[in-house]
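Just below is one structure, and these are the notes that go with it.
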Amino acid sequence: MKEKPLTNLRLPDLWKEFNSNFNESFWEEFEQKMKLMKKKFIELALQEEITALTGAQKYERTPERVYRRNGYWKRYIRRQSQIDEILKQIFIYGASTRLTAKALKPLIGEVSAQTISNIAKSLDEDVKKFHRREITEKYMYLFLDAIVLKIKTGIGSKSRAVLAAYGVT
Numbered sequence: 000m001k002e003k004p005l006t007n008l009r010l011p012d013l014w015k016e017f018n019s020n021f022n023e024s025f026w027e028e029f030e031q032k033m034k035l036m037k038k039k040f041i042e043l044a045l046q047e048e049i050t051a052l053t054g055a056q057k058y059e060r061t062p063e064r065v066y067r068r069n070g071y072w073k074r075y076i077r078r079q080s081q082i083d084e085i086l087k088q089i090f091i092y093g094a095s096t097r098l099t100a101k102a103l104k105p106l107i108g109e110v111s112a113q114t115i116s117n118i119a120k121s122l123d124e125d126v127k128k129f130h131r132r133e134i135t136e137k138y139m140y141l142f143l144d145a146i147v148l149k150i151k152t153g154i155g156s157k158s159r160a161v162l163a164a165y166g167v168t
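23 is the number that numbering that gives the first Met the number 0 gives to position 24 of the sequence shown; each next residue is one higher, with no gaps.
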């Protein structure tokens, strides 16, 4: 429809103009209001569910309270655990953190030296668990031996004793 000044429009033309503008704006506004109402409804339903689950209102501290309202996000995994295990093995074989990062770049992309260092720290936990585990009485003979090896570090090399234990049942 060709636009005309309002003074030149007849009543049927005015009605068409009003109706088309009204329909467009009314339904857009109606959709927005409906979305807000749906959002509010879902939020209120979830609040009620949380209140029923915890046994208390928000900020209310009661002895009957079962849970807190503080949630958490499950951290997403950046690498598969198998890759971390491979990184541990590479590190155990003596590669430096930077060399390991360079070697892995073509395979899995950029891996920072800090990431490899953090994975190496998890090795420390495994080693501590291994060292602190109980030696059960099921062994008839226990052979212990040690060898001193030079270990490369960031500031040079150090002599370290490597202990070996062999149990015979």
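Where a beta carbon is used, it is the ideal one built from N, C-alpha and C, also for glycine.
From the options, residue whose alpha carbon lies closest to that of residue i
i	options	result
K151	V110, A94, D12 and A164	A94
K117	E23, T135, T96 and A44	According to the sequence provided, residue 117 is Asn. The question's Lys does not apply to it. If we check each option's Cα against that of N117, T96 comes out closest.
CB of residue i within 9 Å of CB of residue j, strictly
i	j	result
E63	A55	yes
K87	L122	yes
V161	I146	yes
I107	I82	yes
K57	T50	yes
Y66	L52	yes
Presumed contact (8 Å Cβ cut-off) between residue i and residue j, rounded CB distance
i	j	result
L143	A164	5 Å
A100	A112	5 Å
Cβ-based burial, residue i [other Cβ within 10 Å; buried from 16]
i	result
L103	buried
V167	exposed
V110	buried
According to DSSP, residues forming a beta bridge with residue i
i	result
V167	Y140
L148	R159
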